[in-house]
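Going down the list, the sequences are from chains A and B.
Every letter in the first sequence is one number past the one before it in the numbering used here, and letter 95, counting from 1, is 259.
Every letter in the second sequence is one number past the one before it in the numbering used here, and letter 97, counting from 1, is 261.
Every residue gets a Cβ at the ideal spot worked out from N, C-alpha and C, and that includes glycine.
Treat the numbers as computed from the prediction; the structure is a model and nothing was measured.
Notes for the one structure printed next.
Protein chains: 2
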Amino acid sequence: MNIGDVASRSGLPPKTIRYYEDIGLVKPVRSTNGYRRFTDADVHKLVFLARARTLGFSIEDCRTLLGLYEDQSRESAHVKAVAEEHLHAIEQKIEQLQAMHSTLSGLVEACHGDSRPDCPILTDLSTVK
Amino acid sequence: MNIGDVASRSGLPPKTIRYYEDIGLVKPVRSTNGYRRFTDADVHKLVFLARARTLGFSIEDCRTLLGLYEDQSRESAHVKAVAEEHLHAIEQKIEQLQAMHSTLSGLVEACHGDSRPDCPILTDLSTVK
DNA sequence: ATAGTGCTTCCAGCTACTGGAAGCTCAAGG
DNA sequence: CCTTGAGCTTCCAGTAGCTGGAAGCACTAT
């Protein structure tokens with residue numbers, strides 16, 4: 165299978181698939197014409213990667229998870245630990261964003277937003293906290 | 165004032181302040197010894213930048229906001245528009261992260277997390293959605 | 001034969017810094 | 001006066017995860 169087919173099956177752009185080869189996540193063989201030739205197993209891996217990335221796992225996490233995926237003697241505890249750590253990171257990001265949101269929405273509401281120059285948003289930004 | 169003092173007053177690392185000079189956000193003059201010399205106005209700008217960055221504004225947004233901050237004839241509507249757009253982006257990010265969180269926490273709960281290899285997390289990841 | 005699409009590689013750029021090396025400047029202590 | 005250490009300078013490279021573009025070969029259809 166050529167890269168274009170794999171792209172449409174996995175939902176990943178060809179560029180990204182090449183990049184994943186560069187960093188060693190997939191290792192397609194080459195046809196005599198130099199084209200990458202992907203096996204079904206390669207496609208599975210790429211689907212796996214696409215899904216893991218939409219769940220926000222880093223590339224390094226993906227590498228780990230892919231290793232576990234292919235290791236028949238893995239322990240599910242290992243997978244769970246990786247996922248839990250990521251979950252924790254997501255929670256922290258959400259909290260950060262919610263803090264930003266709360267502050268900023270307060271400021272936006274306080275700003276009359278007309279042609280006058282005075283603005284509580286700018287006042288806040290220029291204030292040392 | 166030297167960069168070290170400015171760093172402690174603004175909370176920004178010296179490296180970051182130099183970077184902000186590189187990209188034209190501040191323009192400190194130079195002393196005869198080659199050191200950057202910051203005025204109070206420069207410090208105000210850097211405090212402004214530090215605060216805007218903690219609220220998640222991009223550097224380009226910061227550049228715009230800084231321009232408005234220094235423009236006495238600005239319209240608060242302009243500031244508000246920039247802030248609202250950013251607020252919207254924050255909301256979208258939060259939604260994305262919450263979707264990830266919801267999926268992932270379901271999977272983590274479903275995984276028994278022991279020494280056995282079978283794992284619903286991996287099963288999900290390897291499934292085309 | 002030719003046109004058009006798909007594939008290849010390589011290089012550069014994106015965001016917002018951060019680390020490190022090499023070297024100059026300055027203030028304090030002996 | 002000399003040395004030591006901290007602070008400053010510049011420059012280069014690397015981080016994450018792609019993405020865009022150029023130049024050029026391969027393949028298919030007409």
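Which of the residues in the region 266–282 of chain B, read from start to end, lie with their CB under 9 Å from any CB of chain A?
Of all residues in the region 266–282 of chain B, only Thr267, Leu268, Ser269, Leu271, Val272, Cys275, His276, Gly277, Asp278, Ser279, Arg280, Pro281, Asp282 place a beta-carbon less than 9 Å from a beta-carbon of chain A.
Could you tell me the boundaries of the alpha helix (DSSP H) in which Ile187 (chain A) lies?
Unbroken run through Ile187 (chain A): none, as it is neither H nor E.
What residues from chain A crowd round Ser237 (chain B), counting only those whose CB sits closer than 8 Å?
Residues of chain A passing the Cβ test: Pro281.
Taking 8 Å as the CB-CB limit, is Cys292 (chain B) close to chain A?
In the sequence as displayed, the identity of residue 292 (chain B) is Val instead of Cys. Flagged as an interface residue toward chain A: Val292 (chain B), by a C-beta distance shorter than 8 Å.
Roughly how many angstroms separate the alpha carbons of Ser172 (chain A) and Asp169 (chain B), rounded to a whole number?
Cα to Cα, the separation comes out at about 55 Å.
Can you confirm whether Leu232 (chain A), when its beta carbon is compared against all beta carbons of chain B, has any partner nearer than 8 Å?
Leu232 (chain A) belongs to the set of residues whose beta carbon lies under 8 Å from a beta carbon in chain B.
Chain B contact residues for Phe212 (chain A), given Cβ-Cβ distances below 7 Å
Ordered by position in chain B, the residues that pass the 7 Å Cβ test against Phe212 (chain A) are Leu289, Ser290.
Nearest chain A C-beta to Leu176 (chain B) closer than 8 Å, yes or no?
For Leu176 (chain B), the answer is no, since every Cβ of chain A falls outside 8 Å of its Cβ.
Kindly say whether Met165 (chain A), judged by its beta-carbon, lies nearer than 8 Å to any beta-carbon of chain B.
For Met165 (chain A), the answer is no, since every Cβ of chain B falls outside 8 Å of its Cβ.
If you draw a straight line from the alpha carbon of Leu251 (chain B) to that of Gln260 (chain B), how long is it in whole angstroms?
Within the model, the alpha-carbon separation for Leu251 (chain B) versus Gln260 (chain B) is close to 14 Å.
Residues of chain B with CB closer than 8 Å to the CB of Ala247 (chain A), please, in chain order.
Within chain B, the residues placing a beta-carbon under 8 Å from that of Ala247 (chain A) are Leu268, Leu271, Val272, Cys275, Ile285, ordered along the chain.
DSSP on Arg227 (chain A), reduced to helix/strand/coil?
DSSP places Arg227 (chain A) within a helical segment (H, G or I) once states are collapsed to three.
Rounded distance between the beta-carbons of Ile181 (chain A) and His265 (chain B), thought under 8 Å
Contact flag wrong, Cβ pair sits at about 28 Å.
Using a beta-carbon distance below 8 Å, is Glu255 (chain B) in contact with chain A?
Contacts with chain A at 8 Å (Cβ-Cβ) include Glu255 (chain B).
Look at the Cβ atom of Leu219 (chain A), then the Cβ atom of Leu268 (chain B), and state whether they are nearer than 8 Å.
Result yes, Cβ atoms of Leu219 (chain A) and Leu268 (chain B) sit closer than 8 Å.
Do you know how far the Cα of Arg238 (chain B) is from the Cα of Arg217 (chain A)?
If I take the Cα positions, the gap works out to 42 Å.
Determine the direct distance from the alpha carbon of Asp282 (chain A) to that of Asp288 (chain A), and round the result to whole angstroms.
Rounded to the nearest angstrom, the gap between the Cα atoms of Asp288 (chain A) and Asp282 (chain A) is 12 Å.
Starting from the Cα of Val211 (chain A), find the closest Cα among A:Glu249, A:Tyr233, A:Ala253 and give me that residue.
Among A:Glu249, A:Tyr233, A:Ala253, the Cα nearest to that of Val211 (chain A) is on A:Tyr233.
8 Å Cβ cutoff, Ile187 (chain A) in contact with chain B:
At a cut-off of 8 Å between beta carbons, Ile187 (chain A) makes no contact with chain B.
Across which residues does DSSP place Val193 (chain A) in a beta bridge pair?
In the DSSP output, where bridge partners are listed per residue, Val193 (chain A) has A:Arg201.
Look up Leu268 (chain B) in the DSSP assignment and say whether it is helix, strand or coil.
The answer is helix: DSSP assigns Leu268 (chain B) an H, G or I state.
Mind checking Asp186 (chain B): buried by the 16 CB within 10 Å criterion, or exposed?
Around the Cβ of Asp186 (chain B), a 10 Å sphere holds fewer than 16 other Cβ atoms; the residue is exposed.
For the alpha helix (DSSP H) containing Arg173 (chain A), name the first residue and the last one.
Run containing Arg173 (chain A): 167–174, per the alpha helix (DSSP H) assignment.
Using a Cβ-Cβ cut-off of 6 Å (strictly less than) and excluding sequence neighbours within five positions of Tyr184 (chain B), which residues of its own chain qualify?
Excluding residues within five positions, the ones whose Cβ falls inside 6 Å are Val190.
Check the Cβ of Gly220 (chain B) against every Cβ in chain A and list those closer than 7 Å, keeping chain order.
Correct list: Met264.
Quick check: is the beta carbon of Arg215 (chain B) nearer than 8 Å to any beta carbon in chain A?
It does: the Cβ of Arg215 (chain B) has a partner Cβ on chain A nearer than 8 Å.
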